[in-house]
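Single-structure report; data block below.
There are 2 protein chains.
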Amino acid sequence: MAYFDAASTEPLHPAAKAAFLSTLDEGWGDPARGYHDGRRARMLLDAARETVASVLGTRPDEVSFTTSGTQAVQLGILGVLAGRRRVGAHLVLGAVEHSSVLHTADSHAARSEQRGATAEITRTGVDRTGRLDVSAFASALRSDTALACVQSANHEVGTVQPIAEVAAACRAAGVPLLVDAAQSVGRLPVPDGWSVLTASAHKWGGPAGVGLLVVRKGTRYVSALPYDEREARRVPGFENVPAIVAAAVALGAASTESAEEDARLSGLIDRIRARVRETVPDVEVVGDPIDRLPHIVTFSCLYVDGEALLAELDRAGFAVSSGSSCTSSTLTPSHVLEAMGVLSQGNIRVSLPRGTPEAEVDRFLALLPGLVARLRAVVAQPAAAPAAVAAEEGAVVDALGRRCPIPVIELAKRILDVEEGAAVTVLSDDEASALDIPAWCEMTGHEFVRAEPRERGSAYVVRRRS
Amino acid sequence: MAYFDAASTEPLHPAAKAAFLSTLDEGWGDPARGYHDGRRARMLLDAARETVASVLGTRPDEVSFTTSGTQAVQLGILGVLAGRRRVGAHLVLGAVEHSSVLHTADSHAARSEQRGATAEITRTGVDRTGRLDVSAFASALRSDTALACVQSANHEVGTVQPIAEVAAACRAAGVPLLVDAAQSVGRLPVPDGWSVLTASAHKWGGPAGVGLLVVRKGTRYVSALPYDEREARRVPGFENVPAIVAAAVALGAASTESAEEDARLSGLIDRIRARVRETVPDVEVVGDPIDRLPHIVTFSCLYVDGEALLAELDRAGFAVSSGSSCTSSTLTPSHVLEAMGVLSQGNIRVSLPRGTPEAEVDRFLALLPGLVARLRAVVAQPAAAPAAVAAEEGAVVDALGRRCPIPVIELAKRILDVEEGAAVTVLSDDEASALDIPAWCEMTGHEFVRAEPRERGSAYVVRRRS
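One line per chain: the protein sequences are P and A, in this order.
So the mapping is simple: our numbering equals the position in the first sequence, first residue as 1, plus 2.
So the mapping is simple: our numbering equals the position in the second sequence, first residue as 1, plus 2.
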């Protein structure tokens, strides 16, 4: 199996595994106890905290270990919101943050409403590479803004965010900044200027069950959970010392190895970006090509069912993920691709774990074009029902009840039947169409005229321009 | 090192360790993904859930894995409170619950107050063995009671709680019951009748980082944390599959081995209970001698500094814990011993992990009497200042500024100087005196007349009765 989904979880670093095993034997005691086994666990925990602090350039007493990156995000956001309740309840986020950040913001808004208060959430936009619009972000900061949250780099498309500029804007506005560094810790240094930093060990080669919540001295913070003495009263529950030690060892190893290995992975990603464009027709490779994480690339293949693409790649021995709506239980495409305004159909994210053999990448690149072509051949059948609805806007494609990628495929076929300058209207009730039809126009040079809601779904009007 | 602190954390079961190692290799993938490595992790997670459900006699879809027993307690209590908000905010607890339960109740009360609502908490008492007063508990249930919480067995003294009777009272009152089964799961079956059950894997020989939150179908439950798709939306964050698999294997092993091994451990605990009473003067062995956990016993040694006792035992190679105030950072004695009204000074909890060799217990029993005698000899020096304050109540012992066990030691010396029927008054500002002076009277047969607050500390009046 060629595992290309490191952005979901990176396999355990060998040094971390060795540390894990020895700490299961030596560090299982309760670090709150004063006897020999407890003191030994405490020493191991303290040493792990110092390792992490040293890699991040913080003080050890600013570092708390959580039980996941998600918990770190939830506690970090809710803790600063509680600490700054008197300032206000306004929260500013980037539009392409991780779902854990978005859900915590939603929860904050819902709870404020329950209390009869209002908690406005401002989500500021990104450009077509997924990079935050810093001036929009800076303008969103207000005197009642309790917290601003930005990821260090995007988890789906790899684009690195302008943290230094965002931090400067936050400092000027007197607003604390939480940086969700889940995708970059152990790979890239985090620029200074944050008040809270969160991360997740299994993304850098540590084990599952460990996250980081780093709260800078001077940040007003009130724990959102019931009182507990563990982890400086920030994270309740018995400390998982063996996993924490393994996480720290993996972080130390990753950060010493990262320069060389990340350069190698980045070269492989460059190769994927270039070769996919050359060998797969109708593909959109997204994300910033230069200022990006070393190990992630995302591209979308027109006229392909994402679910089928994942399944075929799995059969061929490749593990990748997708932001296509066809592969998600929610039927909506990735909010990241949506905010960027890029195609979501037939989407594939490749994220290379450390040590990925070059030959595996080449095997993937050799396989992909034929696989995409076969899937397109299977799916590109005529729509079952001919256009049955009259419309002023030229030919009508009735794709009601049909799922991505069918509406776009039918549009692509029908547009060839009309004169240049004439319109085709697609009726679709698949949520992905709202994103994918404009993105298809952008890619193919046709004009996207408008979308208008209908009793069932929407009508998408497109004018032929070539 | 003879490790006698299994109630804090039980060493990893050998079968669990083997399962942990193999699942680190095979179950590290993201169980939410559809490719091979993800499906394998999902299958391992599902199998672990079925094992746990089968041991507990529940449905697999009622079982969620948390990241600690503390998290299970917090989510369980807050989730039912949120689900039954319309019924009321009243919460009923036993007085000797684990601190995680008490702190969650405090947090509920504080938050309700912040919202301008009131959330009354009723803590009902226990007898001198630590057993819940069922009729007091039943009378505390009201029409606005959102939840009742009771432990299956006490973590400090081992007494098993009358869960079946409590459950019947809750059923009659239409109040859901949360059972904190952290100390008993894997050792004793949990009686039926609960709505929510919580537990902690590292107490039954599983690894740190795994707790159980079991919510019966039909229980109104609203997650207290922001939305996340993991663990049936009950527990946010990436599932720690290797640790969960190890926890399930340990539970399966513990429950098949428990009958024989627990009978053996229970015999060793009986031996400790009997021999400590025979060989250590002025000792109080507490907790129910019969209806108790198989592996826990607690006793308190008069006139001994608990901190020094722990340190001496550690030097001699024994790891035990203590509920004495002298060993805690809070300067207050264990709330469990306090609610029971028993002595807290010189307190030791012995909790035997599975496989404890009989010879280690015998070595402990051989060592203890001499060690206690030596500590008493060291500490039993005359008070620095003679009684300097006049009082109507006979002789005065001025122990202001002196810490446990000194006030009781001075009282024990001074009482011999007065006639039978005459009084001695102890002035003390050590919080432990409020518990330990009445407990000393109970043990020695002298009469505890009263305690009254003074400008500094309190005056405790005792009448000589032998």
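Ideal placement from N, C-alpha and C gives every residue a C-beta, glycine not left out.
For P/Leu253, the enclosing alpha helix (DSSP H) covers residues 243-281. Note on geometry: alpha-carbon atoms of P/Ala121 and P/His92 lie some 5 Å from one another.
At least one CB of chain A lies nearer than 9 Å to the CB of P/Arg35. A direct Cα-Cα distance of roughly 35 Å separates A/Ala276 from A/Ser70. Contact between P/Ser186 and P/Ala166 does not hold, since their C-beta atoms are separated by about 13 Å, which reaches or exceeds 8 Å. The Cβ-Cβ distance between P/Ala245 and P/Gly208 falls below 9 Å.
Interface annotation for the stretch 234-255 of chain P against chain A: Pro238, Gly239, Phe240, Glu241, Asn242, Val243, Pro244, Ala245, criterion Cβ-Cβ distance under 8 Å. Spatial neighbours of A/Ser353 in its own chain (CB-CB distance under 7 Å, excluding positions within 5 residues in sequence) are listed in chain order as Phe6, Asp7, Ala8, Ala9, His297, Ile298.
Taking C-beta atoms as the reference points, A/Pro33 and A/Leu46 count as a pair closer than 9 Å.
For the stretch 3-31 of chain P, residues whose beta-carbon sits nearer than 8 Å to a beta-carbon of chain A comprise Met3, Tyr5, Asp7, Ser10, Thr11, Pro13, Leu14, Lys19, Phe22, Leu23, Leu26, Trp30, Gly31.
If you draw a 10 Å sphere on the C-beta of P/Leu418, you find fewer than 16 other C-beta atoms in it, and that means exposed. Legend: CB atoms of the stretch 111-139 of chain P lying less than 7 Å from CB atoms of chain A belong to residues Arg117. DSSP places A/His92 inside the beta strand (DSSP E), whose first and last residues are 92-96.
Boundaries cannot be given for A/Val89, as no beta strand (DSSP E) includes it and DSSP labels it neither H nor E. DSSP, reduced to helix, strand and coil, places P/Phe366 within a helical segment of the structure shown. Per DSSP, the unbroken alpha helix (DSSP H) holding P/Ala43 starts and ends at 38-58. P/Ser225 and P/Thr25 have their C-alpha atoms spaced approximately 29 Å apart. Cβ-Cβ distances below 6 Å link A/Val159 to Gly132, Val288, Gly289, Thr300 in the same chain, with the five nearest sequence neighbours on each side left out; the list follows chain order. Measuring C-alpha to C-alpha distances from A/Asp108 to each of P/Ser141, P/Gly31, P/Pro228 identifies P/Pro228 as the nearest. With respect to the 9 Å criterion, A/Asp307 and A/Leu377 are classified as neighbours on the basis of their beta carbons. The C-beta of A/Pro209 comes closer than 9 Å to at least one C-beta of chain P. Considering only beta carbons, the part of the stretch 298-319 of chain A lying closer than 9 Å to chain P consists of Glu309, Leu312, Ala313, Leu315, Asp316, Gly319, in chain order. A/Val398 is positioned such that its CB atom lies closer than 9 Å to that of A/Val426. Distance from the CA atom of A/Asp293 to the CA atom of A/Val162, rounded to whole angstroms, is 6 Å. Judged by DSSP secondary structure, P/Ile350 falls within the beta strand (DSSP E) whose first and last residues are 349-353. Taking a contact as a CB-CB distance under 8 Å, the pair A/Ala148 and A/Val82 counts as one, their CB atoms being some 7 Å apart. Secondary structure at P/Gln185: coil, using DSSP grouped into helix, strand and coil.
Only exposed fits P/Lys219, as fewer than 16 other CB atoms lie within 10 angstroms of its CB.
Here A/Met3 has Gly319, Ala321 as same chain residues with Cβ atoms under 7 Å from its own Cβ, once five neighbours each way along the sequence are excluded. By DSSP's assignment, P/Pro455 forms a beta bridge with P/Ser460. Interface annotation, P/Gln76: in contact with chain A, CB-CB separation under 9 Å. Cβ contact annotation for P/Gly396 (same chain, cutoff 7 Å, sequence separation greater than five): Val420, Ala424, Ala425, Val426, Thr427, in chain order. A direct Cα-to-Cα measurement between P/Gly269 and P/Arg405 gives close to 36 Å. Neighbours of A/Ser109 across chain P, judged by C-beta separation under 8 Å: Leu227, Pro228, Tyr229. By the rule that beta-carbons nearer than 9 Å mark a contact, A/Gly213 touches chain P. Neighbours of P/Thr69 across chain A, judged by C-beta separation under 9 Å: Thr68, Thr69, Ser70, Gln73, Gly211, Gly239, Asn242.
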